[in-house]
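Line by line, the protein sequences are chains C and F.
The first sequence begins at 423 in our numbering and counts up by one.
The second sequence begins at 423 in our numbering and counts up by one.
Number of protein chains: 2
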Amino acid sequence: MSDLHIYNSLTRLKEKFVPIHAPNVGLYVCGPTVYSDAHIGNIRTFSSFDMIHRYLVHSGYKVRYVRNITDAGHLTNERGEGVNRMESQAKLESLEPMEIVQKYTVGFHAICDLFNLNPPTIEPTATGHILEQIEMIEVLIQKGYAYSVNGSVYFDVKAYQENHNYGILSGRNIDELIAGYRDLDGQEEKKNSIDFALWKAATPAHIMQWRSPWGMGFPGWHLECSAMSTKYLGNEFDIHGGGMDLKFPHHECEIAQNEGCTGHQGARYWMHTNMLNFNGQKMSKSLGNSILPAEFLTGNHPLLDKAYSPMVVKFLFLQTHYSSELDINIKGLQDAEKGLKRLMDARKEILHAKYDVQNTNDGKSEMDMQIEKLCIDCKEFMDDDFNTARVIANLFELSTIINSIKGGQINTKELSGESVALLRKTFDAYLLHIFGLQPLEENNSTALDQVMQVLIDLRKDAKVKKDFATSDKIRNELAAKGIQLKDEKDGTVSYSMN
Amino acid sequence: MSDLHIYNSLTRLKEKFVPIHAPNVGLYVCGPTVYSDAHIGNIRTFSSFDMIHRYLVHSGYKVRYVRNITDAGHLTNERGEGVNRMESQAKLESLEPMEIVQKYTVGFHAICDLFNLNPPTIEPTATGHILEQIEMIEVLIQKGYAYSVNGSVYFDVKAYQENHNYGILSGRNIDELIAGYRDLDGQEEKKNSIDFALWKAATPAHIMQWRSPWGMGFPGWHLECSAMSTKYLGNEFDIHGGGMDLKFPHHECEIAQNEGCTGHQGARYWMHTNMLNFNGQKMSKSLGNSILPAEFLTGNHPLLDKAYSPMVVKFLFLQTHYSSELDINIKGLQDAEKGLKRLMDARKEILHAKYDVQNTNDGKSEMDMQIEKLCIDCKEFMDDDFNTARVIANLFELSTIINSIKGGQINTKELSGESVALLRKTFDAYLLHIFGLQPLEENNSTALDQVMQVLIDLRKDAKVKKDFATSDKIRNELAAKGIQLKDEKDGTVSYSMN
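Written out as structure tokens, the structure reads:
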């Protein structure tokens, strides 16, 4: 296994990672709410945990990676058809939340594919675990940590606080929270403003509702993750991750629910990814600087100068530590594009080149030792709370060495075969397997363009030499393969295919 | 709307399609069980309903298309860890059915993408509707159509039969069924051998189990579709589809459950797709002739001569009526490949060609009338229970006309602009939108191969002529673009790219 250390948001310390049941690791990540398109900030979070999952697997762990889909929403039927839609006659004409869920789930999976994010090993849905949530509420009521009122159930934070610590994750103070609370939803029913809903009674206008011991209703927002992480990973598991914005109240409430219900906090290590800004500003729809993942890929957004491959965007993410705020802008995207190409070119060079290396008996040269250190340090950086930024810095240094070998500034006789093998292994492991980057497209149409240019030049030469047999032959042979040459007005020759 | 007629398996008649709430249409299709890879026969079924869904949409209907995922299985933990796994310590080490569900759901979606099948508008899961299934059972017990025994609940077929007709879909006789029944599962508990399980009590070894009024257990196989079709489409909806093999007992039981619970049969039109054979034999794993969709795409199966595009396989499906048995073999695949190419080439020709057509005042020529009839008949064929085979026959006739126009055998002066427009519209509508076929890949690597061959031939000529300036130039120019030429032992020249 590895010597991995993780910054634990719960203890605010960088700690050695010791799985409960090594080599098994349980990882839970809060997934998307599928009522709208995931924005690029969400994708940064999911990319970060994809890298973390990949590195855990690469380090030899057997990871059960659970990432949920939040599909239980509180949509109401605004046209007041809540009552009627229970009748079959109105079914097809009324809003069906599960159509919205399906649309955005399909869209989310498509974006994950584009960013080459591996699917989790289990992808449970909130609506698929209503029974489990109800059972958890029953236990919380029984233990005195929840109370029902008017068909809703609330978590009793003050009762919990008597023998636990609400605020353990976020560091918030319960009295200050009560003083500052402005949430009016269910306020009159709650014992304390800080109490949060486990189950909400539904009015007929609520489209998604289920039968429960407290009447028709729907689960509170925080409960699903407690129910699903417990079901699939156990009362105690290793890592819980999510975006920084979920730390409070969502994750704080999760801990209270888990602890109150099972006597365990759930995850031992809490990991939070940081926010994404654009041009120094928080992305938001109202500021007009909110960019969807798909808009990066088309370049179809006023703030973008052109299209960027998902791999470039992901590479840009990885150049900053997952727990640091990341500001992206056009310059950063352009640099990431160049940087990724440089690393991928270096990988290709070292993969295919055949070097006349030193005799294995000659021992390690200084160059060998330099390469070895740069490669081995990558693992140390990753083990230091997944420091992808430093790994990339090393890969750049290594690519400079590779380019110098290619350019002849470094004599290949200074290199052992082991160094070449280590370079190959390092570039493949980090770029492809751990970062999940794909080689930039092997663009056959570019190759075709280049070969066609060779042919077009030959034909031009032949014409100049009045060797019309050859120039006609080129034209005719191409025509036979469905390729037409066209003499442009500016003297150049273009081609088109059938 | 359309003048669509559908063969209704329930009435055994071809009937005019009259939706309950036009223009809305409710369509339910039994989806995959995600405990193994979908086989190519399943894909034929899903392709057929994809075409049906696409044609309904094309005809102006607003379709709510529900296709479920069967993920509630009856897996047991064979190592006898059923008890232990309830403890958190064992969670990560025991089999988790939802990991299997996720693996095969992801795989199924990938195959659907390859075959260009549109996702349904709702894709509900059995595990996501345990509560709804329990509620349905309660109603059935209350109405006297079900009874509980030892923590299981069975549907009482004889009680139902007193005022309904079990066998209405399959035409089976209840007494013969009872006489011939050999299912031993729960036999001793049932009032009659023909009764089927709505809920099964779980032993600790059953991994997936839920709390119910009858104790811990899991739903019977048939119930999920009744619960989900009713929830999303209403007590009465338009079309229910599935493979022929599901007609009995699955669909027969669905009707009994719906009728017993809601007083409605559920769907008005039942549609069944027929089976797929290979080389005249039913595909099965034991016969070794079971081919997975992915194996068609790689050609990596002893019965296949080479790889076939998913579009070719789908085109082969569409050449036979969905309700007819289809036997596929190598010859059929090869012909389908040629046929699809012919139609796609014709589409490309008519799409891009500029014809010198007749003056619009000249009236319709015979050729115009012939084209019009062939195009308009396509719609009639589709309205006749989705007769894709006849549509394809017409498209072949139309492609012959297009080729004759291209070849000059038909004078374009015989054609009106309207005919050209109609041809374009027809080829696009049927090939792309209704059949969901994608243009065969514009294979740039093939083009590259061909152009490279032209260059290699030129170089050979130059060598023969001892024009080494040219032959060297070709080699060097290519090398500069990263393409290496290699003289093979057999005298041919190959190339490779960096």
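Virtual Cβ for every residue (Gly too), placed ideally from N, Cα, C.
No experiment lies behind these values; they were computed from the predicted model shown.
Exercise. Per DSSP, GLU658(F) is paired with what?
Worked result: On the second sequence, position 236 is the one that residue 658(F) refers to. Answer is GLY688(F), bridged to GLU658(F).
Exercise. With C-beta atoms as the reference, is ARG466(F) less than 9 Å away from LEU844(F)?
Worked result: One-based indexing of the second sequence puts residue 466(F) at position 44. One-based indexing of the second sequence puts residue 844(F) at position 422. For ARG466(F) and LEU844(F), no; Cβs fall outside 9 Å.
Exercise. DSSP state of VAL915(C), grouped into three classes?
Worked result: Counting from 1 along the first sequence, the entry for residue 915(C) is found at position 493. It is a strand residue.
Problem set entry | 8 Å Cβ cut-off: residues of chain F touching MET558(C) | In the first sequence, the residue the question calls residue 558(C) occupies position 136. Simply none; closest approach about 12 Å.
For this session: Give the interface partners of GLU521(F) over in chain C, defined as CB-CB distance under 9 Å, in chain order.
Result: Taking the first residue of the second sequence as position 1, residue 521(F) is located at position 99. Chain C residues near GLU521(F): ARG486, THR543, ILE544, TYR654.
Exercise. Where DSSP assigns a beta bridge to TYR429(C), which residues make up the other side?
Worked result: Locating residue 429(C) in the first sequence gives position 7, where the first residue counts as 1. According to DSSP, which records beta bridges pairwise, TYR429(C) is partnered with LYS436(C).
Problem set entry | Cutoff 9 Å: ASP883(C) Cβ touching any chain F Cβ | Here residue 883(C) corresponds to residue number 461 of the first sequence, with the count starting at 1. Yes, its Cβ sits closer than 9 Å to a Cβ of chain F.
For this session: Inspect the CB distances between the region 479-492 of chain C and the region 442-450 of chain C and report whether three or more fall short of 8 Å.
Result: yes
Exercise. Taking the alpha helix (DSSP H) that LYS895(F) falls in, what are its first and last residues?
Worked result: Translated into the one-based positions of the second sequence, residue 895(F) becomes position 473. First-last of the alpha helix (DSSP H) with LYS895(F): 890-902.
Problem set entry | Segments of 4+ residues assigned as alpha helix (DSSP H) that fall wholly inside the region 817-866 of chain C | 839-849
Exercise. What does PRO546(C) pair with, by DSSP beta-bridge criteria?
Worked result: Along the first sequence, read from residue 1 onward, the residue named residue 546(C) stands at position 124. Answer is none; PRO546(C) lacks a bridge partner.
Problem set entry | C-alpha distance - SER570(C) paired with TRP636(C), whole-angstrom precision | For the purposes of this step, residue 570(C) is taken as residue 148 along the first sequence, with counting starting at 1. For the purposes of this step, residue 636(C) is taken as residue 214 along the first sequence, with counting starting at 1. Whole-angstrom Cα-Cα distance: 7 Å.
Exercise. Does the region 838-857 of chain F come close enough to the region 765-778 of chain F that 3 or more CB-CB pairs lie under 8 Å?
Worked result: yes
Problem set entry | Nearest-angstrom beta carbon gap, HIS855(F) and HIS475(F) [assumed within contact, 8 Å] | If you number the second sequence from 1, residue 475(F) lands on position 53. If you number the second sequence from 1, residue 855(F) lands on position 433. The pair is not a contact, with the Cβ atoms about 12 Å apart (cut-off 8 Å).
For this session: State the DSSP-derived secondary structure class of HIS475(C), mapped to helix, strand or coil.
Result: Here residue 475(C) refers to the residue found at position 53 when the first sequence is read from its first residue. Correct three-state label for HIS475(C): helix.
For this session: Would you mind giving the Cβ-Cβ distance between ALA568(C) and VAL575(C), rounded to the nearest angstrom? I have them listed as a contact below 8 Å.
Result: As a first step, residue 568(C) must be located in the first sequence, where it is residue number 146. As a first step, residue 575(C) must be located in the first sequence, where it is residue number 153. Right, the Cβ-Cβ distance comes to about 5 Å (below 8 Å), so this counts as a contact.
Problem set entry | chain C contact for ASP749(F) (CB, 9 Å cutoff) | Against the second sequence, residue 749(F) aligns to sequence position 327. No, ASP749(F) does not count as interfacial toward chain C.
Problem set entry | 9 Å Cβ cutoff met for ILE442(C) and ILE552(F) | The residue labelled residue 442(C) in the question sits at position 20 within the first sequence. The residue labelled residue 552(F) in the question sits at position 130 within the second sequence. Contact: no.
Problem set entry | Inter-residue spacing [alpha-carbon to alpha-carbon] between VAL505(C) and GLN631(F) | One-based indexing of the first sequence puts residue 505(C) at position 83. One-based indexing of the second sequence puts residue 631(F) at position 209. Note that VAL505(C) has pLDDT 37, beneath the 50 cutoff, so the model's placement of it is unreliable and the number below is only indicative. In a straight line, the C-alpha of VAL505(C) is about 33 Å away from that of GLN631(F).
Exercise. Which partner residues of ARG489(C) appear in the DSSP bridge assignment?
Worked result: Your numbering for residue 489(C) matches position 67 in the first sequence. Per DSSP, VAL451(C).
Exercise. Identify the residues that DSSP records as bridge partners of PHE700(C): which are they?
Worked result: Translated into positions along the first sequence, residue 700(C) becomes position 278. Bridge partners of PHE700(C): GLN703(C), ILE750(C).
Exercise. At a Cβ threshold of 9 Å, is PHE659(C) touching chain F?
Worked result: Numbered from its first residue, the first sequence carries residue 659(C) at position 237. By this cut-off, PHE659(C) is an interface position.
Problem set entry | Per-residue DSSP class, three states only, for ASP806(F) | Taking the first residue of the second sequence as position 1, residue 806(F) is located at position 384. Strand.
Exercise. Are three or more beta carbon pairs between the region 513-522 of chain C and the region 593-603 of chain C nearer than 8 Å?
Worked result: no
Exercise. Is DSSP giving GLN906(F) helix, strand or coil here?
Worked result: Start at 1 with the first residue of the second sequence, and residue 906(F) comes out as number 484. DSSP places GLN906(F) in strand when its eight states are reduced to three.
Exercise. When we look at the beta-carbon of GLU788(C) and count the other beta-carbons within 10 Å, is it buried (16 or more) or exposed?
Worked result: Residue mapping note: residue 788(C) aligns to position 366 of the first sequence, counting from 1. Exposed.
For this session: Quick one: measure Cβ to Cβ for SER745(F) and THR695(F), integer angstroms, because I've assumed they're closer than 8 Å.
Result: What you label residue 745(F) is simply residue 323 of the second sequence in a count that begins at 1. What you label residue 695(F) is simply residue 273 of the second sequence in a count that begins at 1. Correct: roughly 7 Å between the Cβ atoms.
Exercise. Less than 8 Å between the CB of GLY637(C) and some heavy atom of the ligand HEM, yes or no?
Worked result: The model depicted lacks the ligand HEM and carries no ligand whatsoever.
Exercise. Nearest-angstrom Cα distance between PRO732(C) and ASN538(C)?
Worked result: Start at 1 with the first residue of the first sequence, and residue 732(C) comes out as number 310. Start at 1 with the first residue of the first sequence, and residue 538(C) comes out as number 116. Going from the Cα of PRO732(C) to the Cα of ASN538(C) covers about 8 Å.
Exercise. What is the residue span of the alpha helix (DSSP H) that LYS525(C) lies within?
Worked result: Here residue 525(C) refers to the residue found at position 103 when the first sequence is read from its first residue. Counting along the chain, the alpha helix (DSSP H) containing LYS525(C) begins and ends at 519-536.
Exercise. Ordered along the chain, which non-local residues of its own chain (more than five positions away) have a Cβ less than 6 Å from that of GLY663(C)?
Worked result: The residue given as residue 663(C) occupies position 241 in the first sequence. Hits under 6 Å: VAL451, PHE471, MET693.
Problem set entry | Beta-carbon proximity list for SER916(F), same chain, < 6 Å, skipping 5 on both sides | Translated into the one-based positions of the second sequence, residue 916(F) becomes position 494. Excluding residues within five positions, the ones whose Cβ falls inside 6 Å are LYS908, GLU910.
Exercise. Using a C-beta cutoff of 9 Å, does ILE896(C) count as contacting chain F?
Worked result: As a first step, residue 896(C) is located in the first sequence; it is residue number 474 there, counting from the start. Cβ-Cβ to chain F under 9 Å: yes for ILE896(C).
Problem set entry | Residues that VAL456(C) contacts on chain F, provided the C-beta gap is smaller than 9 Å | Counting from 1 along the first sequence, the entry for residue 456(C) is found at position 34. Under the 9 Å cutoff, chain F gives no residues; its nearest Cβ is about 12 Å from VAL456(C).
Problem set entry | Pairwise C-alpha distance: LYS704(C) and ILE824(C) | What you label residue 824(C) is simply residue 402 of the first sequence in a count that begins at 1. What you label residue 704(C) is simply residue 282 of the first sequence in a count that begins at 1. Looking at the two C-alpha atoms, the distance is approximately 39 Å.
Exercise. Do VAL523(C) and THR549(C) have their C-beta atoms within less than 9 Å of each other?
Worked result: Start at 1 with the first residue of the first sequence, and residue 523(C) comes out as number 101. Start at 1 with the first residue of the first sequence, and residue 549(C) comes out as number 127. Yes, the pair counts as a contact, with Cβ atoms nearer than the cut-off.
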